[in-house]
Structure formats: structure tokens, C-alpha cells
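A short worksheet on the structure shown next.
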Amino acid sequence: MCIAFFSTAHPQYRLIICNNRDEFLHRPTSRADWWPSPHSHVLSARDLVRPIHPTWMGITKQGRIAVLTNYHEDTCAKAVGKYSRGEVVNSWLATSPDSSQTTQEFVARWTTNGEISNIGGFNIVCGKVMEPLAIMSSRTSETEPIFWIADQPGQTVGLSNTDYDDRSWPKVPMGEEALVEAIAAHVQNQESEDDLIERLLGVLSVDTLPRLNSDVGVQEYIPLLPRSVFIPPIGRDKDVPADGVVDGREENSVLPSTPEGTPNHAYLEGRYATQKQTVILVSFDGRVRYFERTLYDDEAQPVSTEARDRSFEFQIEK
């Protein structure tokens, strides 16, 4: 139940992006870093379950950005497709730095090549940070319009695990309002950039999830997840032995990115929560600040305050 917010409402920044990654906590995930060659122009954290190491959110030195949210399904099993949704994100971010492909061309290629039907439901916001961003959905046909955001000043929008124009999820308008207030307070108080990041992390940490009995699993919480921007640890780790190693991890550490491959069930059960929080700030001069906070490690343990944060800063290459 990830959520992302996009804003052009701050007078000092062309674009602000805030993202919560909600995931089963035993799913192996890297910290944010620059990718190895030949894709060393890409910065992101990565999912380590599949060998292609896809990502849900990343940015490049050339200013290409992509943010993914899965579609909400009635059961966890329905959310899994034959291919990783992150392959769509990777295909945009890993594009050659010299490529002249436009956002419109990229979206058109994915909506016409037929591969989208092999992927679980998703939304992806993609484009270049100094230009309008497109929202592409796997549930959208070739004839339906593409939504564009960040195409005018003063805009703040949220996107979660439903259609972009679906306003029925309380967490989306609630988060949008909190983001607008956080930006206004930062401007009024003339605070530092670090102060802005802390305010934005506060927006991402708003917890209004109703609590169920302690023995309830994640499945019972699914109808409640649209109510809260932040998801505290829910579910139970009944299949995790005393040594903390998830059953089957040693035998199936990764799975092939093929139509026959599906994620190891051990990574789709147990404790679930907001695992990472990311803030991206893009100044009008093309300076990028990328900040990531990792809340839980692969053993579902809280990360210490001293070790949880990573920050990167670079100038977009022209």
C-alpha cells in the first residue's frame, strides 16, 4: 500500500516528491545507492528478490524520474504478476543517458507492446523532473488519456494504490493537505532544507490506521490500509524461526524474471509495514537532493537512528 505525493507548491523547488514504500519486512531490499556500471547514472534503492533488482522509485543524473504504486487487490495473491512491475521503472531509468526518447514515447511503447498484461496492476509516474510528469496505468487502454501532473506551479497531488482520479481513499487527500501545510510552514518560518525534509517525513509518518487484535494477519488489515499514510508493523511472524531466517530463503534467494517465476511465498507473508520513506527535492537550477530513511531491515527489526538515513546531492546533467 505505497503512497507518493508530488508538489510544485514550494517557491524554492521546481518539484518535491515524497514516498512511502509499504512492504513485507522480510523481503530483501537494498539501501539507496548509485547502480553499478553500465547504469551508474541511476540512483535508487532496489528489490533484491528478482535477479534484475527492480526498483519502485528512482532518479537519474539526467533528471529522469519514476515512481511506482501497485494497484490495491482483494487478496495478496492477486497482487502478484508474472513479471515484476519494477521492470517498467527500470526500463525508463536505465535508458541510455544519450537517449532522446520522450516521456510520451516511453508511455506509448508500454501501452502498445502487450507486455503490460503480464504485470500486476500498477500506476507509474514518470518523466523528467524539469518537465511535466505522466501517470501511466496498467489498467488504462491505449485509447484512454494519460494524466499529466507537475505541469503548473502550486500543484500538490497524491497517488496510492487506486486510480489517480479516485478520491475515495482517505489517506490521499489527508496526505495532500498535510503536505501543503508542511510546505507553507517551512516557507513562513524560513527554515533550512534539512528542516523541510523533516517536515516532509512528518507528513509520511501520519498514522491513522485502526488497530485490530494482535493475532490478526495482514489480510484482515487490507480494507483498512487506505485510511493511513503510514503503516505501522502489522501481521504476525508465525513462520519465522528463532534464528530469524525466513523458511526457504537459503534455497530460493532469488527467482528468475520469467513468466514462470513468482516471488517466494516467504517474502509475501509475516510482518508488513512502511519500510522506507524517501524525499526528493529538485531546485529550479536542477540541483537534486535525494533523502532515504530505512525503518526496518530484512529481519523485520527496526534500524537504529544512527544507521537509518542516506542522503545524496547532485546537479542534473544537461
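In this note's numbering, the protein residues as written are 169 to 486.
C-beta atoms are modelled at their ideal positions from N, C-alpha and C, and glycine is treated no differently.
Being a predicted model, the structure only gives us computed values, none of them experimental.
{"query": "List the residues that DSSP assigns as beta-bridge partners of Tyr-332.", "result": "Beta-bridge pairing links Tyr-332 to no other residue."}
{"query": "Please name the residue in Pro-321, Gln-320, Ile-303, Gly-289 whose C-alpha comes closest to that of Ile-314.", "result": "Ile-303"}
{"query": "For my contact list, Asn-238 and Gly-289 are in at a C-beta cut-off of 8 Å; report their separation, rounded to the angstrom.", "result": "7 Å"}
{"query": "Do you know offhand how far Ala-352's Cα is from Ala-177's?", "result": "9 Å"}
{"query": "Which of the three DSSP states, helix, strand or coil, is assigned to Pro-470?", "result": "strand"}
{"query": "Helix, strand or coil for Leu-364, going by three-state DSSP, please let me know.", "result": "helix"}
{"query": "Identify the continuous beta strand (DSSP E) that holds Tyr-239 and give its terminal residues.", "result": "Taken as a continuous stretch (DSSP letters only), Tyr-239 belongs to no beta strand (DSSP E), as it is neither H nor E."}
{"query": "Applying the criterion that 16 or more other CB atoms from any shown protein chain within 10 Å of the CB defines a buried residue, is Ala-410 buried or exposed?", "result": "Low confidence applies here, because Ala-410 scores a pLDDT of 43, under 50, leaving its location unreliable and the question unanswered by this model."}
{"query": "Going by other Cβ atoms of all chains shown within 10 Å of its Cβ, with 16 needed for buried, is Phe-173 buried or exposed?", "result": "buried"}
{"query": "Could you check what DSSP says for Val-413 in three-state terms: helix, strand or coil?", "result": "Since pLDDT at Val-413 reaches only 47, below the 50 mark, its modelled position is unreliable, and the value read off the structure follows with that caveat. Reduced to three states, the DSSP call for Val-413 is coil."}
{"query": "How far does the beta strand (DSSP E) with Gln-387 in it reach, from first residue to last?", "result": "Here Gln-387 belongs to no beta strand (DSSP E); instead the alpha helix (DSSP H) covers 386-389."}
{"query": "Specify, as a first and last residue, the run of the beta strand (DSSP E) that Asn-291 falls within.", "result": "290-296"}
{"query": "I'd like to confirm the pairing. Which residues does DSSP put opposite Met-225 in its beta bridges?", "result": "Val-235"}
{"query": "If we ignore side chains and look at the alpha-carbon of each, how far apart do Gly-326 and Tyr-458 end up?", "result": "19 Å"}
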